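In what follows, a single structure is set out as structure tokens and then discussed.
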Amino acid sequence: LEVNTRLQVEHPVTEMITGTDLVEWQLRVAAGEPLPLRQDALSISGHAIEARIYAEDPERGFLPSIGRITHMRLPPAAPGVRIDTGVRAGDEISSYYDPMIAKLVAHASDRPTAVRKLAVALASFQVVGVTTNIAFLGRILAQGAFASGEVDTGLIARHEDALFPPPVPVPATVLTAAAVAEALAIADRPPHAAPGDAADPYSPWRRTDAWWLNSQRHALRFEFDDGTRSHVVSVRRSADAWLVTLPTGEIQSAVVVRRSDGTMALKLGDGEFEATVVPHGEERHVFAACGHSRLRLVDRLAHAGEEETPEGHLRAPMSGTVVAVMVAAGARVAKGAGLIVLEAMKMEHTIIAPGPGVIAAVHFGVGDRVLEGADLVDLDAEPA
284 LEVNTRLQVE
294 HPVTEMITGT
304 DLVEWQLRVA
314 AGEPLPLRQD
324 ALSISGHAIE
334 ARIYAEDPER
344 GFLPSIGRIT
354 HMRLPPAAPG
364 VRIDTGVRAG
374 DEISSYYDPM
384 IAKLVAHASD
394 RPTAVRKLAV
404 ALASFQVVGV
414 TTNIAFLGRI
424 LAQGAFASGE
434 VDTGLIARHE
444 DALFPPPVPV
454 PATVLTAAAV
464 AEALAIADRP
474 PHAAPGDAAD
484 PYSPWRRTDA
494 WWLNSQRHAL
504 RFEFDDGTRS
514 HVVSVRRSAD
524 AWLVTLPTGE
534 IQSAVVVRRS
544 DGTMALKLGD
554 GEFEATVVPH
564 GEERHVFAAC
574 GHSRLRLVDR
584 LAHAGEEETP
594 EGHLRAPMSG
604 TVVAVMVAAG
614 ARVAKGAGLI
624 VLEAMKMEHT
634 IIAPGPGVIA
644 AVHFGVGDRV
654 LEGADLVDLD
664 AEPA
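The numbering of the sequence shown is our numbering, which starts it at 284 and goes up by one.
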């Protein structure tokens, strides 16, 4: 007989369909009081589904994602939607604890309605700083098999093509929002007066926009990389609007609303488009109705002279602790041989040899902490 005296992570589902507060019940029982209700007094109402928001990367085998959350926006309050979290922007997801960020629960009169309500809430959940499973959970909810309740441990494998789709082209609206946000950020920078010019606040040399001497068509030029291809976007001011030149052509955009949290409502032609653009280092995260897009702002001057990572340097796919080293310098290994094992958040990941070769160097030992991207093992490939 197993006795489990703690609450399970799914307890909000029970609370939503029974109208009880199990935490309060625990406290009352611990204080010596009887259970507030007997079994025959309990009833179930409707259907509830819980989604666990995790700091993990489904595209990389659900490896944990470690780092500091720089931006987090919860879904807006709505009837039948519950959010349990102890995490906020500025908090760090470490390798020592479970990477769950929040529990998002939707309750409705039936399962299809609960699924739709949960999908809407998920679509407005924003996290920057770590990779999350939010988009993957949205694809799970969109699966007909899941919606109908045909769920078992083989669901992901059976629907792998739909749950892990190939990258799609970045919408023009997303590129427009990213470029306009970048231009606004440049315009917001404090002006730097030229020597002897401090007394003239109207000097053109103090401007940080796209002004160019003897030219009305000079534009700010940005390059965004979506992970599969590069997109060059130009932005220039035209009266009260922005003229944005995309790879597909020119579009006129006007900022209707701009809030301090990075959210903008843009007028594009006859329609409006709302997006939140969050910078994170070189990355630009765009949250919109079409989903979450992650772009990298390419600054070729900033990386001029940097060398490509040479082949044979096996890097850490995640931050963690080295728990095993199976090779030493000089050892000859075959393709697929285990070299070093990392552990983070109760998960182990083995670094294997991509091909036959000789170990040139092992840079870490058992017990060492490593960051994602650290050079773990150098492998000299055998000549073909």
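Just so you know, even glycine gets a beta-carbon here, dropped at the ideal spot from N, CA and C. Because the structure is a prediction, the values reported are computed rather than measured.
- request: Report the rounded CA-to-CA distance for LEU662 versus GLY640, giving the unit in angstroms.
  value: Distance from the CA of LEU662 to the CA of GLY640, rounded to the nearest whole angstrom, comes to 6 Å.
For GLU298, the first and last residue of its enclosing alpha helix (DSSP H): Note, GLU298: alpha helix (DSSP H), 294-301.
- request: Mind checking which residues open and close the beta strand (DSSP E) that includes PRO562?
  value: Unbroken beta strand (DSSP E) run through PRO562: 554-563.
field: Pairwise C-alpha distance: PRO358 and ASP523
entry: Their backbone Cα atoms lie some 32 Å apart in a straight line.
message: Would LYS550 and VAL560 qualify as a contact pair, given that the criterion is a beta-carbon distance under 8 Å?
response: No; because the gap between Cβ atoms is not below 8 Å, this pair is not in contact.
message: Taking 6 Å as the limit between beta carbons, can you name the residues of its chain near THR368, skipping five residues before and five after?
response: In chain order, ALA385 place their CB closer than 6 Å to the CB of THR368, counting only its own chain and leaving out the 5 sequence neighbours on each side.
query: In three-state DSSP terms, what is ILE469?
result: Residue state, collapsed to three classes: helix.
field: Proximity winner among ARG321, ILE534, LEU467 and PRO295, relative to GLY363 (alpha-carbon distances)
entry: Proximity to GLY363 across ARG321, ILE534, LEU467 and PRO295 peaks at PRO295, based on C-alpha coordinates.
DSSP state of GLU339 mapped onto helix, strand, coil: Strand, per DSSP.
field: 8 Å contact criterion, which ARG669 and GLY656 should meet: CB distance rounded
entry: This structure cannot speak to residue 669, because the chain is shown only from 284 to 667.
Rounded straight-line distance, which links the Cα of GLY350 to that of ALA644: Looking at the two C-alpha atoms, the distance is approximately 28 Å.
field: Pairwise C-alpha distance: VAL292 and THR546
entry: Roughly 33 Å between the two C-alpha positions.
task: Output yes or no for whether 8 Å exceeds the beta carbon distance between GLY315 and HIS354.
output: Not closer than 8 Å, so no.
field: Paired residues, beta bridge with ARG567 - DSSP
entry: Looking at the DSSP output, ARG567 shares a beta bridge with PRO562 and LEU578.
- prompt: By Cβ distance, which residues of its chain are closer than 6 Å to PHE419, with the 5 residues on each side in sequence left out?
  reply: The residues are PRO341.
Pair within 8 Å by beta-carbon distance, VAL606 and GLU566: No, the pair does not count as a contact, with Cβ atoms beyond the cut-off.
query: GLN457: which of PRO637, GLU555 and THR301 sits nearest, CA to CA?
result: Going by the sequence as given, residue 457 is Val instead of Gln. Cα-wise, what sits closest to VAL457 is GLU555.
- prompt: Going by Cα to Cα distance, which pick from PRO317, THR301 and ILE300 is closest to TRP308?
  reply: Considering only alpha carbons, the answer is PRO317.
As assigned by DSSP and simplified to three states, the class of ALA385: Three-state DSSP puts ALA385 in a strand.
field: Three-state class that DSSP yields for GLU665 in the structure shown
entry: GLU665: coil per DSSP, three-state reduction.
- request: Spatial neighbours of ARG289 within its chain, please: CB distance less than 6 Å, with the 5 preceding and 5 following residues excluded, ordered by chain position.
  value: Closer than 6 Å at the Cβ level, and outside the excluded window around ARG289, lies no residue.
field: Expected contact under 8 Å - CB spacing of ARG422 and ALA445 to nearest Å
entry: Indeed, because the Cβ distance is near 7 Å, the residues count as touching under 8 Å.
message: Report the start-end ranges of each beta strand (DSSP E) in the stretch 385-425 that is 3 residues or longer and not cut off at the edges.
response: Listed in chain order, they are 409-411.
task: Taking only the alpha-carbon atoms, compute the straight-line gap between ASP553 and ALA360 and give it to the nearest angstrom.
output: Computed Cα separation, rounded: 30 Å.
message: Output needed for GLU589: all residues of its chain with C-beta closer than 8 Å, excluding positions within five of it in sequence on either side, in chain order.
response: Legend: pLDDT at GLU589 = 49, less than 50; position of this residue unreliable, value from coordinates given subsequently. Correct list: empty, nothing qualifies.
- prompt: Taking just the CA atoms, how far does ASP381 sit from VAL370?
  reply: A straight-line Cα-Cα distance of about 12 Å links VAL370 and ASP381.
- request: May I have the straight-line CA-CA distance separating LEU467 from SER543, to the nearest angstrom?
  value: Answer to the nearest angstrom: the Cα atoms are 12 Å apart.
query: At which residues does the beta strand (DSSP E) containing ARG441 begin and terminate?
result: First-last for ARG441: 438-441, but that is the alpha helix (DSSP H), not the beta strand (DSSP E).
query: Nearest-angstrom Cα distance between ARG335 and ILE366?
result: The alpha-carbon atoms of ARG335 and ILE366 are separated by roughly 10 Å.
task: Out of HIS442, PHE429, PHE408 and ALA617, state which residue places its alpha-carbon closest to the alpha-carbon of GLU665.
output: The residue from HIS442, PHE429, PHE408 and ALA617 with its alpha-carbon nearest to that of GLU665 is ALA617.
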